[in-house]
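>
Residue numbers (this note's numbering): 92 to 201.
1) Measuring alpha carbon to alpha carbon, tell me which residue in 191, 141, 181 is nearest residue 154.
2) Decide yes or no for the touch test of the region 94-110 against the region 127-144: beta carbon pairs closer than 8 Å, at least 3 of them.
3) Is residue 98 helix, strand or coil by DSSP?
4) Considering residue 194, what are the terminal residues of the alpha helix (DSSP H) in which it resides?
5) Terminal residues of the continuous alpha helix (DSSP H) containing residue 118?
6) Is it buried or exposed, residue 168, if we count other Cβ atoms within 10 angstroms and call 16 or more buried?
7) Compare the Cα-Cα distances from residue 159 to each of 135, 123, 178 and report the closest residue.
8) For residue 157, tell me which candidate among 128, 132, 196, 189 has the shortest Cα-Cα distance.
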């Protein structure tokens, strides 16, 4: 049993991280709009407020930007790109660190 299993803040943080990663990769099913698809942008929906304000619409929960782009979709699609880049850099750093450590271990005795 590890120390993080007994810490409520670690369990809550891990759960939140899983929710964020799953929502980022499920973005096409969660949001109704692809922010990178220029054909789906509508300038008539530009600058709409979030749903909790007076003129907010349920289709755009966090409102829209100046080009009519859904802000929730932009956040989820952007976080997906950030997660992919972060994971790729993690793998690269693990490979480089492992190779560097092996090289130093081999050459230290010689």
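C-beta: ideal position from N, C-alpha, C; glycine also. No experiment lies behind these values; they were computed from the predicted model shown.
Result, derived from the coordinates:
1) 141
2) no
3) coil
4) 162-199
5) 118-121
6) buried
7) 135
8) 132
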